[in-house]
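Data first, discussion second: the structure below is written as structure tokens.
Residue numbers (this note's numbering): 12 to 421.
Here it is, written out as structure tokens:
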């Protein structure tokens with residue numbers, strides 16, 4: 012009996028019990044589907060996390076008021092201010108490892124157009140902020156150093172705020188809005204940026220000159236102190252680790268901190284946070300993929316059990332085939348092919364199901380759908396290996412049946 016005849020016979024045997032064949036392959040379907048879905052979702056989540064951190068700017072450091080070794084409020088916006096405008100200027104001008112630095116002072120308040128209002132985040136900063144944080148404009152211009160020096164009442168507005176105040180597709184440049192009853196002229200609108208790692212809508216914000224923020228929007232003036240954080244971009248050639256060390260050394264000297272005195276500031280490397288998020292995502296993906304691999308093995312055991320039952324049910328059929336000339340290797344090949352077809356069929360259905368689940372979840376969470384062909388081939392190959400591995404014992408048992416005993420079997 013040639014290979015094609017053996018395959019045809021094996022497929023016909025499976026089609027005689029369609030429901031049982033499907034249920035037998037169900038473990039493989041679930042296992043392969045889970046592997047495909049989890050890997051695609053994990054890759055999409057990693058890409059989404061990376062995109063979010065890229066939106067925050069490259070080679071980014073955050074300098075915050077407050078010590079990491081002391082109790083109480085810390086973290087920049089809620090801490091007792093310890094960073095000064097002179098500290099910012101020193102970081103900008105004295106450290107070769109630093110490319111640019113900008114303050115970030117923030118408040119949430121209502122903003123009014125002529126006939127609409129919206130509560131949003133207003134940030135006081137300097138022109139370097141656009142470069143440090145990777146902000147680009149869809150229309151208009153940035154505010155300038157001259158605007159900062161003069162305390163100009165100008166604003167660069169995010170697209171979410173534009174949609175809430177004026178409607179989608181509106182060009183707000185030249186319009187006047189009121190922030191805490193103070194009129195600001197819109198000079199620019201930012202390009203869409205998406206969400207922060209904490210889920211904050213970057214486009215739901217307004218940027219104004221730092222001096223204007225202090226004079227018009229702060230409840231109280233703190234003079235030389237910055238009531239917020241410093242965003243620092245390290246030189247690519249130096250790297251964030253070098254810039255982080257240089258900033259710490261400079262600020263300790265400027266704040267006259269003794270050797271045993273803890274920092275009254277905190278310098279954080281956003282790339283470390285991004286790597287931590289990526290590692291967490293990878294660990295979760297690996298865990299879920301491992302569980303899916305166990306499902307594949309369980310599916311293989313299911314195939315073996317059903318094939319053993321099938322051998323018992325078809326004992327007389329096997330005896331008849333041997334009696335009319337079928338060789339033991341023909342019987343072995345038939346049952347092995349049945350197991351292989353079951354596993355591959357389960358793998359193909361599982362792949363389709365996994366891709367469907369991944370697409371659905373990617374749409375729900377607004378992640379990119381990243382499908383790796385190598386994962387699909389590996390999953391299908393592993394399912395075939397499971398089918399052959401767990402189908403070998405029933406196939407050998409069938410091929411070793413004594414034809415006389417098989418013909419007597421009722």
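Note that CB positions come from ideal geometry on N, CA and C, so glycine has one too.
> Which ranges does the alpha helix (DSSP H) cover as unbroken runs of at least 4 residues, wholly within the region 282-363, from first to last along the chain?
Replying inline: 326-334
>> For residue 255, report the span of its alpha helix (DSSP H) as first-last.
In response: 251-265
> When we look at the beta-carbon of residue 316 and count the other beta-carbons within 10 Å, is it buried (16 or more) or exposed?
Replying inline: exposed
> What distance in whole Å lies between the Cβ atoms of residue 386 and residue 74, which are believed to be in contact at a cut-off of 8 Å?
Replying inline: About 41 Å; that fails the 8 Å criterion.
>> Looking at the strands, I want to know which residues DSSP matches up with residue 160.
In response: Residue 160 pairs with nothing; no bridge assigned.
> For the candidate residues 340, 303, 229, whose alpha-carbon lies nearest to that of residue 192?
Replying inline: 229
> Cβ atoms of residue 398 and residue 314: under 8 Å apart, would you say?
Replying inline: yes
>> Within 10 Å of its beta-carbon, does residue 416 have 16 or more other beta-carbons around it, so buried, or fewer, so exposed?
In response: exposed
> So what's residue 153 in DSSP terms, helix, strand or just coil?
Replying inline: coil
>> Once DSSP output is grouped into helix, strand and coil, what is the label at residue 171?
In response: helix
> Is residue 100 helix, strand or coil when you go by DSSP?
Replying inline: helix
> Near residue 369, which residues of its chain fall below 8 Å by C-beta distance, leaving aside the five closest residues on each side in sequence?
Replying inline: 47, 48, 51, 52, 55, 380, 382
> Is residue 244 closer than 8 Å to residue 278 when the C-beta atoms are compared?
Replying inline: no
> Once you ignore the five residues that flank residue 224 on each side, which residues in its own chain have a CB closer than 6 Å to its CB?
Replying inline: 116, 135
> For the alpha helix (DSSP H) that contains residue 386, what are its first and last residues?
Replying inline: 384-410
> Between 22, 42, 260, 205, which lies nearest to residue 304 when the distance is taken from Cα to Cα?
Replying inline: 42
> Going straight from the alpha carbon of residue 247 to that of residue 121, what length do you get?
Replying inline: 39 Å
> Taking the alpha helix (DSSP H) that residue 198 falls in, what are its first and last residues?
Replying inline: From DSSP, residue 198 is part of no alpha helix (DSSP H) but of the beta strand (DSSP E) over 193-201.
>> Am I right that residue 214 and residue 170 are in contact with their C-beta atoms under 8 Å? What's the rounded C-beta distance?
In response: 5 Å
> Do you know how far the Cα of residue 241 is from the Cα of residue 166?
Replying inline: 20 Å
>> If you follow the beta strand (DSSP E) that residue 8 is in, where does it begin and where does it stop?
In response: The chain is shown only over 12 to 421; residue 8 falls outside these bounds and no answer can be derived.
>> Using 8 Å as the cut-off, can you tell me whether the region 30-41 makes contact with the region 345-356, which would need three or more C-beta pairs spanning the two stretches below that distance?
In response: yes
>> By the three-class DSSP mapping on this structure, what secondary structure does residue 212 have?
In response: strand
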